[in-house]
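Protein chains in written order, with our numbering: chain S, 4 to 117; chain U, 3 to 115.
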Amino acid sequence: NAGVMQNPRHLVRRRGQEARLRCSPMKGHSHVYWYRQLPEEGLKFMVYLQKENIIDESGMPKERFSAEFPKEGPSILRIQQVVRGDSAAYFCASSQGQGKETQYFGPGTRLLVL
Amino acid sequence: GDSVTQMEGPVTLSEEAFLTINCTYTATGYPSLFWYVQYPGEGLQLLLKATKADDKGSNKGFEATYRKETTSFHLEKGSVQVSDSAVYFCALSDRSGGFKTIFGAGTRLFVKA
């Protein structure tokens, strides 16, 4: 049973470009969470999605960031017009259901903005 | 809102020493508590969890007990190994927080041979 998969593992973008990060949850999991980890810091919640719905986006910056989890395919975190401050590791987690369900994390995408 | 506070690192120990990493939490409901471990360049791995008061989570020689009276979930291991060197994150998940996981800042552990 494959775990949570994220790609790419490393992404380099120049300022002003778009970054698109993908996350495939574990088989049977319909809940996806995105977190951001700045260097030497803990993880900060960004957004919680179920299939075709955004449940909680309270941690998402108001501009340039968006997320989706379509009926078919992976969840996508999209960052438009990237700036140097967007450089971080972005982790996706999935869980089977709502409640006190354990979240399982992917290996992360490390974004570097030049 | 919910929050997690854990001891600052880095923590440096010799092999076979006893490890304690303190973690306390604030939550309005009855959260589940977790310890995650992150090895260099990797994602987070669930180390152990506890879902209600007085539960003890354990895995790979690590253990932590959910203490509601002190709102704590301290991580302990009796004898650390070099391979335990990593960053350890205490975390909680709570219905009132919308089920998102709230993480502490992490504690980096170095174990010397």
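Cβ coordinates follow ideal geometry from the N, Cα and C atoms, glycine included.
Chain-ordered chain S contacts of residue i [CB-CB under 9 Å]
i, result
"G106(U)", "G45"
"L48(U)", "T105, Q106, Y107 and F108"
Coil, strand or helix - residue i by DSSP
i, result
"G111(S)", "coil"
"R87(S)", "helix"
"A92(S)", "strand"
"T105(S)", "coil"
"M63(S)", "coil"
"Y41(U)", "coil"
"T14(U)", "strand"
Contact set between residue i and chain S, taken where Cβ atoms lie within less than 7 Å
i, result
"G45(U)", "F94, F108, G109, P110 and G111"
"K51(U)", "T105"
"K102(U)", "Y36, F48, Y51 and D59"
Boundaries of the beta strand (DSSP E) in which residue i is found, first to last residue
i, result
"V82(U)", "Per DSSP, V82(U) belongs to no beta strand (DSSP E) and is neither H nor E."
"G108(U)", "Per DSSP, G108(U) belongs to no beta strand (DSSP E) and is neither H nor E."
"A29(U)", "Careful: A29(U) lies outside any beta strand (DSSP E) and carries neither H nor E."
"A115(U)", "First-last for A115(U): undefined, no H or E at that position."
"T67(U)", "F64 to T67"
Within chain U, the residues that residue i reaches when beta carbons sit closer than 7 Å
i, result
"F72(S)", "Simply none; closest approach about 15 Å."
Where residue i meets chain S, residues with beta-carbon distance less than 8 Å
i, result
"F91(U)", "G45 and L46"
Original post:
If you pair each beta-carbon of the segment 69-84 of chain U with each one of the segment 20-35 of chain U, do three or more pairs fall below 8 Å?
Top reply: yes
Subject >> Given 8 Å, three or more beta-carbon pairs between the segment 9-16 of chain S and the segment 4-16 of chain U >> reply: no
Subject >> At least 3 beta-carbon pairs within less than 8 Å: the segment 101-115 of chain U vs the segment 11-21 of chain U >> reply: yes
Original post:
Is the segment 39-56 of chain U touching the segment 66-73 of chain S, taking contact as three or more C-beta pairs under 8 Å?
Top reply: no
**OP:** Check whether the segment 52-61 of chain S touches the segment 29-43 of chain U, counting contact only when three or more Cβ pairs, one atom from each stretch, lie closer than 8 Å.
**Re:** no
Original post:
With a cut-off of 8 Å, do at least 3 Cβ pairs link the segment 83-100 of chain S to the segment 16-36 of chain S?
Top reply: yes
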